[in-house]
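*Asks:* Dumping the structure here so I can ask a few things about it.
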Amino acid sequence: MTKLNSEQDFLTLIDKYFPSENGHVTLGRGDDCSILKTGNDLCISKDLFLEDIHFRRSYFSPADIGYKSLAVNISDIAAMGGQPCGFALGLIVPPSLEYEFWDPFFGAMSALAEQHGVILAGGDLSGGQYLGISVTVWGESAGGRFLSRGNAKPGDILFLHGPAGMARTGLLSLEEDTAFALRNYPQSAKAHLRPPMRVAAGVKLAESPEVKGLMDLSDGLARDLPRFLGNCEGNVGADISLDKAQLHEEVIRYAESKSISAAEHAFQGGEDYALFGAASANGFEALAESIPGLHKIGTITDDSKIVLNGREYTAGGFDHFAG
2 MTKLNSEQDF
12 LTLIDKYFPS
22 ENGHVTLGRG
32 DDCSILKTGN
42 DLCISKDLFL
52 EDIHFRRSYF
62 SPADIGYKSL
72 AVNISDIAAM
82 GGQPCGFALG
92 LIVPPSLEYE
102 FWDPFFGAMS
112 ALAEQHGVIL
122 AGGDLSGGQY
132 LGISVTVWGE
142 SAGGRFLSRG
152 NAKPGDILFL
162 HGPAGMARTG
172 LLSLEEDTAF
182 ALRNYPQSAK
192 AHLRPPMRVA
202 AGVKLAESPE
212 VKGLMDLSDG
222 LARDLPRFLG
232 NCEGNVGADI
242 SLDKAQLHEE
252 VIRYAESKSI
262 SAAEHAFQGG
272 EDYALFGAAS
282 ANGFEALAES
292 IPGLHKIGTI
302 TDDSKIVLNG
312 REYTAGGFDH
322 FAG
């Protein structure tokens, strides 16, 4: 095992994987600040990714941790219809983690950054008892505008780009029995460990005047849908339909094994990082044809109720502060 004995050891390893300048970042890592060159508005987001809160090293590989800590931030930019440009990285480093951990960690993170044209502009390092990652990411409008949550009215179509409930299935099964989960729910486990990014779909949605609002499903429909509705004018609600044809077979199989409703299990969700939004009813069919994987899950209604498969839904959803 190879120890990283100093901050400079980390910086040398980081420099191995991440370029310092790319035209957008004109002064990169190594000074008190980086300098960004941009002629457009920027959107910016920040997330924490903390050991035993957001991930466990018992079933997250170092590469999984590196990938997902950046991915959850890129997803926020995609949810605005933006193109990610750069990020800053903060690390809390436990003394037990050596080079053999950090090499694949940075390798997976840099591969994802390169895939989306994102540059590491700078950050900070500190020792600590538990592993913690803090990422601040920013992006530019690539579809002519940024999309925000809400802005919909009764009759508008509610849609998803991506699955509902797969990451929840992966999380719960991995917590129960990692080997069993990887063997019996492999796609759901992957959805939790390495959620796919939907930047291209977000940009195309931002290009369409038919799209009213957009967000990503980080906490599941049960919690994120009320947030979306709260940004619409008036007391609007939603009529949601999640039938078996819209759910992955692993989600259905997991729910059946627990004797629970597959639709409610998927609706509660959490960490799916699907794109969720609203579009005008007249333009939705053409929109769905232009963006593969976009599918209707419901409509905005003129009351304040949330209805799931014909029944009012009042339970809560995923909460990062829940014990």
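Take 2 as the starting number for the sequence shown in the working numbering and just add one per residue.
Note that CB positions come from ideal geometry on N, CA and C, so glycine has one too.
Keep in mind that this is a model prediction, so the values were computed, not measured.
Can you give the beta carbon distance from Asn152 to Lys213, rounded, assuming they're within the 8 Å contact cut?
*Replies:* 5 Å
*Asks:* Please list, in chain order, all residues of the same chain as Leu226 whose beta carbon is under 7 Å from its beta carbon, the five residues on each side excluded.
*Replies:* Ala239, Ile307
*Asks:* Between Arg254, Tyr274, Lys4, Leu276, which lies nearest to His266 when the distance is taken from Cα to Cα?
*Replies:* Arg254
*Asks:* What is the C-beta distance between Ile241 and Ile301, in whole angstroms, given that I count them as a contact (C-beta under 8 Å)?
*Replies:* Not quite, the Cβ-Cβ distance comes to about 11 Å (not below 8 Å), so this is no contact.
*Asks:* Output the residue ranges of the alpha helix (DSSP H) runs that lie fully inside the stretch 69-113 and measure 4 residues or longer, sorted by chain position.
*Replies:* none
*Asks:* Which residue comes first and which comes last in the alpha helix (DSSP H) that contains His193?
*Replies:* Bounds of the alpha helix (DSSP H) holding His193 are 187-194.
*Asks:* Is Asp273 near Ala182, with beta carbons less than 8 Å apart?
*Replies:* Not in contact: Asp273 and Ala182 (Cβ atoms no closer than 8 Å).
*Asks:* Rounded C-beta distance between Ala72 and Gly124? I'm assuming under 8 Å.
*Replies:* Contact flag wrong, Cβ pair sits at about 17 Å.
*Asks:* Given Tyr186, which residues of its chain have a CB within under 7 Å of its CB, disregarding the five upstream and five downstream residues?
*Replies:* Thr170, Gly171, Ser174, Glu251, Tyr255
*Asks:* Using the Cβ count rule (16 or more neighbours within 10 Å means buried), how would you classify Gly40?
*Replies:* exposed
*Asks:* Looking at the structure shown, is Lys154 part of a helix, part of a strand, or coil, going by DSSP?
*Replies:* coil
*Asks:* Can you check which of these residues, Gly235, His117, Leu161, is closest to Ala201 by C-alpha distance?
*Replies:* His117
*Asks:* Looking at Arg195 and Gly163, is the spacing between their C-beta atoms short of 8 Å?
*Replies:* no
*Asks:* Apart from the five residues on each side of it in sequence, which residues of its chain come closer than 6 Å, Cβ to Cβ, to Thr179?
*Replies:* Tyr60
*Asks:* Measuring only the C-alpha atoms, how far is Ile158 from Leu243?
*Replies:* Rounded to whole angstroms, the gap between the alpha carbons of Ile158 and Leu243 is 14 Å.
*Asks:* What's the call for Lys245, buried or exposed, on a 16-neighbour Cβ count within 10 Å?
*Replies:* exposed
*Asks:* Nearest CA to the CA of Gly87: which residue from Ser189, Ser111, Val138?
*Replies:* Val138
*Asks:* Which same chain residues end up closer than 7 Å to Glu208 when comparing Cβ atoms and leaving out the 5 residues on each side of it in sequence?
*Replies:* Gly144, Gly145
*Asks:* Rounded to whole angstroms, what is the Cα-Cα separation between Leu92 and Lys205?
*Replies:* 33 Å
*Asks:* Would you tell me roughly how many angstroms separate the C-alpha atoms of Ile75 and Ala287, rounded to the nearest one?
*Replies:* 27 Å
*Asks:* If I follow the unbroken alpha helix (DSSP H) through Val308, where does it start and stop?
*Replies:* From DSSP, Val308 is part of no alpha helix (DSSP H) but of the beta strand (DSSP E) over 307-309.
*Asks:* With distances taken Cα to Cα, identify the nearest neighbour of Leu275 among Leu113, Pro197, Asp303, Gly231.
*Replies:* Checking the displayed sequence, the identity of residue 275 turns out to be Ala instead of Leu. The residue with the shortest Cα to Cα distance from Ala275 is Pro197.
*Asks:* Take the Cβ of Ala264 as the centre, count every other Cβ of all protein chains shown within 10 Å, and call the residue buried at 16 or more, exposed below.
*Replies:* buried
*Asks:* Less than 6 Å between C-beta atoms, sequence neighbours within five positions excluded: which residues of the same chain meet that for Ser305?
*Replies:* Asn236, Gly238
*Asks:* The beta strand (DSSP E) spanning Leu121 covers which residue range?
*Replies:* 120-128
*Asks:* Around the C-beta of Ser46, are 16 or more other C-beta atoms found within 10 angstroms, so that it is buried, or is it exposed?
*Replies:* buried
*Asks:* Among Phe102, Phe19, Glu52, which one has its Cα closest to the Cα of Pro63?
*Replies:* Phe102
*Asks:* Please name the residue or residues paired with Glu217 in a DSSP beta bridge.
*Replies:* Before going further, note that residue 217 is Asp rather than Glu in the sequence given. Bridge partners of Asp217: Leu276.
*Asks:* How many Å lie between Ala279 and Ala289 at the Cα?
*Replies:* 12 Å
*Asks:* With a 10 Å radius around its C-beta and 16 neighbouring C-beta atoms as the bar for buried, classify Glu176 as buried or exposed.
*Replies:* Exposed is the call here.
*Asks:* Report yes if the CB atom of Glu141 is closer than 8 Å to the CB atom of Gly83, and no otherwise.
*Replies:* yes
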